[in-house]
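Position 113 (the sequence shown) corresponds to 113 in UniProt numbering; numbering is contiguous.
By construction, the Cβ of each residue, glycine as well, lies at the ideal position given by its N, Cα and C atoms.
Accompanying notes for the structure given below.
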Amino acid sequence: MYGAATALDTLCSQAYTSGKMKMAGVYLQHPNLPLPTPEISAQAALFLGYLLIGAPAYLMFVNLEIYLLAQVWYKPLSLGFIGAPISTAITYWLMFFFLVLYTKFIDGYQAWDGWSHAAFHGWKPILKLMIPGIFMVCSEWWALELISFLAGYLGELSLASQGIISTIITIAYQLQYGVSISASNRVGNLLGAGLVERAKMASKLSMQFAIIIGLFNAAIIISFKDILGLIKCTSYVLLLIGIFEIADSINAIGCGQGRQFIVAIFSTPGYFFVGIPISILAAFKLGYGLKGLWFGDCKRRMKEDRDKIESMIINDPDV
1 MYGAATALDT LCSQAYTSGK MKMAGVYLQH PNLPLPTPEI SAQAALFLGY
51 LLIGAPAYLM FVNLEIYLLA QVWYKPLSLG FIGAPISTAI TYWLMFFFLV
101 LYTKFIDGYQ AWDGWSHAAF HGWKPILKLM IPGIFMVCSE WWALELISFL
151 AGYLGELSLA SQGIISTIIT IAYQLQYGVS ISASNRVGNL LGAGLVERAK
201 MASKLSMQFA IIIGLFNAAI IISFKDILGL IKCTSYVLLL IGIFEIADSI
251 NAIGCGQGRQ FIVAIFSTPG YFFVGIPISI LAAFKLGYGL KGLWFGDCKR
301 RMKEDRDKIE SMIINDPDV
């Protein structure tokens, strides 16, 4: 869903500054369609069955959130296992509901011209951005999940370390997420207004901020290395994490330019034909364990980011 919503990063931000503000509202309507869900089994099926109650709300929330960016009481319910997916589903609906209220009564309604039959037409440019966006996001998330899965074969210690590392990455990602939002919308706004040179400058500045924040995150993480080194293999892997914090801003610049396809072309094969094979080789054949799993992915990211920078900024005079 999030990958599909990246199409709005391009279309809404450019429509807002291109003199066609109302088209942002039409674009918002396109992706809000229910998506098919795969059949799974046992407890996973039960968990996802309840969680999917909130899927439409989360889909619409993500789309509405991107649309807007372009412009203590509790009681235990004793629900047990299903309490987690139910609470998450309710949260998704509340997120969407309050964002609708904000749009209606505070700000963001200016580009909404009501429900339109135009939303049933013009799907070609939407799908052209949506499908690569899905591959761009899903390939990254699937690769990270695969690393976590493979860590389970390295023993309980490596699996516990992987849990710590995943949590740290999620926390560190929040800073980079802010840069990616601003990069995507700023570049899209400037391109929509026809200001190509300023869009190019915004792309380069965003890249510089991404590198600075990546280094900052790496420094913070490394400073806690000795504390988290209680699990020995965790401390080594933490040295590699800062590299992860640069890629998201580069991807966001691609979304702002409407180049999800270019990002997906580099990302999807890079994960599954370069990063994962190197990770498996280093972890299991060469005996580096969890360090090897992360080394392979970091090696792939460094090459991929360099290729995307050359393709989208350095070698393209039109941004």
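Exclusion of the five residues before and after Leu-281 leaves Gly-292, Gly-296 as the residues of its chain whose Cβ lies within less than 8 Å of its Cβ. Counting only residues of its own chain and dropping the five nearest sequence neighbours on each side, Tyr-58 has a CB closer than 6 Å to the CB of Tyr-92.
In terms of Cβ geometry, Leu-205 and Arg-198 do not form a close pair [threshold 8 Å]. Looking from the CA of Gly-133, the closest CA among Phe-266, Gly-287, Met-21, Trp-112 belongs to Phe-266. Contact check for Ala-111 against Lys-200 fails: the beta carbons are separated by 8 Å or more. Counting along the chain, the unbroken alpha helix (DSSP H) around Ile-276 starts and ends at 276-280.
In the three-state reduction of the DSSP assignment, His-121 falls in the coil class, being assigned neither a helical nor a strand state. According to the DSSP assignment, Leu-286 belongs to no alpha helix (DSSP H), since it is labelled neither H nor E. When Gly-163, Gln-208, Thr-167, Ser-158 are compared, the shortest CA-CA separation from Gly-287 is found for Ser-158.
Met-130 carries a helical assignment under DSSP once its states are collapsed to helix, strand and coil. Between the C-alpha atoms of Gly-122 and Leu-154 there is a straight-line separation of about 49 Å. Closest option to Glu-140, judged by alpha-carbon separation, among Ile-90, Pro-269, Lys-285, Val-187: Pro-269. In this structure, the straight-line span from the alpha carbon of Ile-213 to that of His-117 is close to 43 Å.
At a Cβ-Cβ threshold of 8 Å, Leu-79 and Ser-161 do not count as neighbours. The beta carbons of Glu-65 and Leu-99 sit about 6 Å from each other, so the pair counts as a contact at 8 Å.
Rounded to whole angstroms, the gap between the alpha carbons of Met-207 and Ala-264 is 18 Å. In this structure, the straight-line span from the alpha carbon of Phe-120 to that of Lys-20 is close to 18 Å. Under the three-state reduction of DSSP, Gly-296 is assigned to helix. In this structure, the straight-line span from the alpha carbon of Tyr-109 to that of Leu-28 is close to 12 Å.
Rounded to whole angstroms, the separation of the alpha carbons of Ile-169 and Leu-195 is 35 Å. Between Ile-53 and Ala-84, the C-beta spacing is not below 8 Å.
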